[in-house]
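Novice:
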Amino acid sequence: MSLGLLNKSILKISGTSSKELLNSLITQDINNLTKQTPIYTLFLNSKGRVLFSSIIYELEENSYALEIAKEKLMDLAQHIHKYDLTKETEFSQLEDYCIAISHTQQDLLYKDPRNQQLPFRGIIKKDESLNFNQPIDQEYENLRLKLTIPEDFDFIYEKSLANDLNLEELNGISFNKGCYLGQEMSSRTKHIKSTKNRLITLNNNRFSINNYGCDIYNNEDLVGKSFSYNGNYALAIIKRNITDLSNLTIK
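If you're matching positions, the sequence shown starts at -10 in this note's numbering and goes up one per residue.
(1) Within the continuous beta strand (DSSP E) that includes residue 196, where are the two ends?
(2) Any idea what DSSP makes of residue 110, helix, strand or coil?
(3) Determine the DSSP secondary structure at residue 181, reduced to helix, strand or coil.
(4) Look at the alpha carbon of residue 166 and the alpha carbon of residue 201, and state the distance between them as a whole number of angstroms.
(5) Pick out whichever of 233, -2, 50 and 70 has its Cα sitting closest to the Cα of residue 13.
(6) Please specify which runs of the beta strand (DSSP E), each continuous and at least 3 residues long, are wholly inside the stretch 206 to 232, giving them in chain order.
(7) Name, in chain order, the residues that DSSP records as bridge partners for residue 91.
(8) How would you call residue 172, buried or exposed, if buried means at least 16 neighbouring beta carbons within 10 angstroms?
(9) Establish whether the CB of residue 59 and some CB of chain B are separated by less than 9 Å.
(10) Identify whether residue 204 lies in helix, strand or coil by the three-state DSSP scheme.
(11) Just reading off the beta strand (DSSP E) that residue 58 is part of, what are its end residues?
(12) Once you ignore the five residues that flank residue 141 on each side, which residues in its own chain have a CB closer than 7 Å to its CB?
(13) Within this structure, are the beta carbons of residue -5 and residue 32 separated by less than 9 Å?
(14) Using only the alpha-carbon positions, how far apart do residue 214 and residue 77 sit?
(15) Is the beta carbon of residue 90 sitting closer than 9 Å to the one on residue 110?
(16) Which of the three DSSP states is assigned to residue 186 in this structure?
(17) Give the range of the alpha helix (DSSP H) segment to which residue 129 is assigned.
(18) Let me know if residue 233 comes out buried or exposed under the rule of 16 or more other beta-carbons within 10 Å of its beta-carbon.
(19) Please report the residue range of the alpha helix (DSSP H) in which residue 8 lies.
(20) Have a look at the DSSP bridge pairing and note the partners of residue -3.
(21) Whose C-beta lies closer than 7 Å to the C-beta of residue 185 among residues of the same chain, with five residues either side of it excluded?
(22) Quick one: Cα of residue 231 to Cα of residue 45, how far?
(23) Count the other CB atoms within 10 Å of the CB of residue 133; is the residue buried (16 or more) or exposed (fewer)?
(24) Nearest CA to the CA of residue 188: which residue from 195, 168 and 224?
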């Protein structure tokens, strides 16, 4: 049985210029997208800071579905619309469909572009065969945290840099495509290795993190903050120069 993710919505974008519009705003190359291979990407602001993350699916020629955190759908639509100079792109929410995951491959479910250890993923029509009993499948969430894979709620909006979040390793950034919004900062931090932070997974059996935004200290120095967590793991952004985690404490 597939699990429908209640914390995700789907934004449909279509129109003759939709491909070029999206490619000018995302960090991944839309030319890598096919109907069988969705892409993981980021939307940045002009300073290279992370606004949104999304998995993009091709529906048909010049028609795309963007997976986005439910509470950020309108913000993402407005962001893209702002840069639509032709004003011919159509925006709609696919309310009768949902993002579904399954640990076995099925029709319309594809390998997760971020990490192939994650469940198969795709867009399917809502019906009684879907399990909507849990907002997030706990087995999936445990695996996501273990693999150090962030969601939108693991970003500091308009402050996090893509390279702080290890997103190149999740196939979220192409350094070979043409220009896109925020590219200059993203490329600069890549080539001169100037990122100050990194995303890590902590053993939560040791730290007992039970809230977002807990301060993380190395001895007496504030070095990071926590984000997603469960009983086993927690994601945190810490200063890149901290390599010995044995002295970390939570306050």
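A virtual CB, placed ideally from N, CA and C, is assigned to each residue, including glycine.
Specialist: In short:
(1) On the sequence shown, residue 196 is found 207 positions in, with the first residue counted as 1. Here residue 196 belongs to no beta strand (DSSP E); instead the alpha helix (DSSP H) covers 193 to 196.
(2) Here residue 110 refers to the residue found at position 121 when the sequence shown is read from its first residue. Correct three-state label for residue 110: strand.
(3) Numbered from its first residue, the sequence shown carries residue 181 at position 192. At residue 181, the pLDDT of 46 sits below 50, so the modelled position is not reliable and the matter cannot be decided from this model.
(4) Translated into positions along the sequence shown, residue 166 becomes position 177. Translated into positions along the sequence shown, residue 201 becomes position 212. Those two C-alpha atoms are separated by around 35 Å.
(5) Numbered from 1 along the sequence shown, position 24 holds the residue referred to as residue 13. Closest option to residue 13, Cα to Cα, is 70.
(6) 210 to 218 and 222 to 228
(7) As a working note, residue 91 is residue 102 in the sequence shown. Its beta-bridge partners are 109.
(8) Taking the sequence shown and counting its residues from 1, the one referred to as residue 172 is at position 183. It is buried - the Cβ of residue 172 has at least 16 other Cβ atoms within 10 Å.
(9) Among the chains of the structure shown, chain B does not appear; only one protein chain is present.
(10) For the purposes of this step, residue 204 is taken as residue 215 along the sequence shown, with counting starting at 1. Under the three-state reduction of DSSP output, residue 204 falls in the strand class.
(11) Residue mapping note: residue 58 aligns to position 69 of the sequence shown, counting from 1. Per DSSP, residue 58 belongs to the beta strand (DSSP E) from 52 to 58.
(12) Taking the first residue of the sequence shown as 1, we reach residue 141 at position 152. Taken in chain order, the residues that qualify are 41, 42, 58 and 61.
(13) The count along the sequence shown starts at 1 and reaches residue -5 at position 6. The count along the sequence shown starts at 1 and reaches residue 32 at position 43. In this structure, residue 32 does not lie closer than 9 Å to residue -5 by Cβ.
(14) Position 225 of the sequence shown, counting from 1, holds the residue named residue 214. Position 88 of the sequence shown, counting from 1, holds the residue named residue 77. Each residue's Cα considered, the two are about 42 Å apart.
(15) By one-based count along the sequence shown, residue 90 stands at place 101. By one-based count along the sequence shown, residue 110 stands at place 121. Cβ atoms of residue 90 and residue 110: closer than 9 Å.
(16) Taking the sequence shown and counting its residues from 1, one reaches residue 186 at position 197. Three-state DSSP puts residue 186 in a strand.
(17) Against the sequence shown, residue 129 aligns to sequence position 140. Under the DSSP assignment, residue 129 falls in the alpha helix (DSSP H) whose first and last residues are 127 to 135.
(18) Taking the sequence shown and counting its residues from 1, the one referred to as residue 233 is at position 244. By the neighbour-count criterion, in which 16 or more other beta carbons inside 10 Å mark a residue as buried, residue 233 falls on the exposed side.
(19) Stepping through the sequence shown from its first residue, residue 8 is reached at position 19. Where residue 8 is concerned, the enclosing alpha helix (DSSP H) stretches over 7 to 12.
(20) For this step, residue -3 is matched to residue 8 along the sequence shown. Note: residue -3 is bridge-paired with 58 in the DSSP secondary-structure output.
(21) Within the sequence shown, numbered from 1, the residue matching residue 185 stands at position 196. 228 and 229, listed in sequence order.
(22) In the sequence shown, counting from the first residue as 1, residue 231 sits at position 242. In the sequence shown, counting from the first residue as 1, residue 45 sits at position 56. Answer to the nearest angstrom: the Cα atoms are 34 Å apart.
(23) For the purposes of this step, residue 133 is taken as residue 144 along the sequence shown, with counting starting at 1. The Cβ neighbour count for residue 133, taken over all protein chains shown within 10 Å, is at least 16; the residue is labelled buried.
(24) For the purposes of this step, residue 188 is identified with residue 199 of the sequence shown, where counting begins at 1. Looking at the Cα atoms, 224 is the closest of the given residues.
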